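Enquirer: Per our numbering, the sequence shown starts with residue 42, numbered consecutively.
Take a look at this one; I'll ask things after.
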Amino acid sequence: MMDIQAEKISLAQLLLQTDDVTIIKKVKAIFNSKKEDWWDELNIAQKEAIEESEREIDRGEFFLYEELKKQLGIL
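Okay, here's the thing in structure tokens:
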């Protein structure tokens, strides 16, 4: 099993020791690519479903989890 903290320290040391601009740019590009918004990964149907859910909440058309459990007799 990988020790993630040790791996991170090892990578940080390698990054600090390098003067290769190409490596630094590639590492930076990897981190920047991870910052993409998950919303952009959704298809139109998924986005519309989320937006409709938000409108339902705004209209008060929802109930709390505790209420659902009571309705289902789970409590």
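Virtual Cβ for every residue (Gly too), placed ideally from N, Cα, C.
What you are looking at is a predicted structure, and each value in this text was computed from that prediction instead of being measured.
Mapping DSSP to helix, strand and coil, what is R95?
Expert: The displayed chain sequence assigns Glu, not Arg, to residue 95. The answer is helix: DSSP assigns E95 an H, G or I state.
Enquirer: Using only CA atoms, which one of F103, F72, K88 lies nearest to W79?
Expert: K88
Enquirer: How many whole angstroms separate the CB atoms of M56 and V68, which I take to be in contact at a CB cut-off of 8 Å?
Expert: The question names Met, yet the displayed sequence has Leu at residue 56. Right, the Cβ-Cβ distance comes to about 6 Å (below 8 Å), so this counts as a contact.
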